[in-house]
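Worksheet: one structure, shown below.
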Amino acid sequence: MDRIPILRMGSFLIVTIQVDMHDRLALALQDDLTSKIAATEAKGVLIDISALEIVDSFIGRMLANISAMARILDAQTVVTGMQPAVAITLVELGLSLPGIRTALNVERGMELLRSSLASAEEPDAEDDDAAFEA
Amino acid sequence: MTMPLLKREVLPIRTETDVVMVRQAVRRLTIEQGFGLVDQTKLITAASEIARNALDYGGGGEAQLESHLEGGKKGVRLIFEDKGPGIADIAQAMTDGFTSGGGLGHGLGGAKRLVEHFEITSTLGVGTRVVLARWK
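So this is what it looks like as structure tokens:
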């Protein structure tokens, strides 16, 4: 069966969806990404959908599932590059993709992941300092 | 509803790949009819929802894709038919958040919002027929 490739870059996993996915392919991506997050201890997942011409309720659910599963596995997800026509359609369809973080393009998506990772690490650093002082 | 028909094609909906083929055929048709990108996307998304329903709940069926020209207005009309169990309560099925399957429950109600004409008829034990249309 076809698979959507998942690239690893440091502590991030990157996926770019370039094909019109049938439902099983979308589900396979969901499973593959989840296993890969666990296997690589990835901290961030970037899914670029700039080549996707539609996002219907099934693909929307897949994106929401990936985001939720990643969060449970301590990784952040950002969906990048949604075409304006797709965004307009999604909202009218009734899907506002709650819980999914988005960015205009891959570059901004990477920035978002890096900065949220940095701020997630900060409180720990403060705790360490406090512990050290005590 | 009678509209001068320019073209008709019939596609099977038997597999998940067929649903993709329906989306792509609707894309081609809306481009031929000169639809803008947002209108194309809305109709394709609605078609995707209804085609998936025909497959998942109706056990498969077929899609008739039609191009029309009415009073100088170009349109695309899509008819989805399955011979599945039918829908007992259409009003409930149209409600956002209602799903008898694994979806988010935005299929029918969402698809209706994406088109200018929406029609659904369903008979228990006979099947379901959904008509979608948009004009340029």
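Protein chains in written order, with the working numbering: chain A, 1135 to 1268; chain B, 37 to 172. All C-beta atoms, glycine included, are put in the ideal place defined by N, C-alpha and C.
- About 7 angstroms separates the Cβ atoms of residue 1177 of chain A and residue 1146 of chain A, confirming a contact at the 8 angstroms cut-off.
- If you check the CB distance, residue 63 of chain B and residue 86 of chain B do not come in under 7 angstroms.
- Residue state for residue 1189 of chain A is assigned as coil, using DSSP reduced to three classes.
- Of all residues in the region 1213-1237 of chain A, the ones placed with a Cβ closer than 9 angstroms to any Cβ belonging to chain B are 1217, 1218, 1219, 1220, 1222, 1223, 1224, 1226, 1227, 1228 and 1229, in chain order.
- Within the DSSP secondary-structure output, residue 1182 of chain A pairs in a beta bridge with A:1150 and A:1214.
- A Cβ-Cβ contact shorter than 7 angstroms links residue 1157 of chain A with residue 1192 of chain A.
- In this model, residue 155 of chain B and residue 1163 of chain A are separated by some 34 angstroms (Cα to Cα).
- Under the Cβ criterion of 7 angstroms, residue 1188 of chain A is counted among the residues facing chain B.
- When the five nearest sequence neighbours on each side are left out, the beta carbons in the same chain lying within less than 7 angstroms of the beta carbon of residue 65 of chain B are those of 101, 103 and 112, in order along the chain.
- With fewer than 16 other Cβ atoms inside 10 Å of its own Cβ, residue 1165 of chain A counts as exposed.
- Between residue 43 of chain B and residue 110 of chain B, the CB-CB gap reaches or exceeds 7 angstroms.
- Remark: C-beta atoms of residue 1148 of chain A and residue 1180 of chain A approach each other more closely than 7 angstroms.
- Think of a sphere of 7 angstroms around the beta carbon of residue 81 of chain B: the chain A residues whose beta carbon falls inside it are 1188, 1190, 1223 and 1227, in chain order.
- Looking at the DSSP output, residue 153 of chain B sits in a beta bridge with B:169.
- Excluding the 5 residues flanking it on each side, residue 167 of chain B has same chain C-beta neighbours closer than 6 angstroms at 115 and 155, in chain order.
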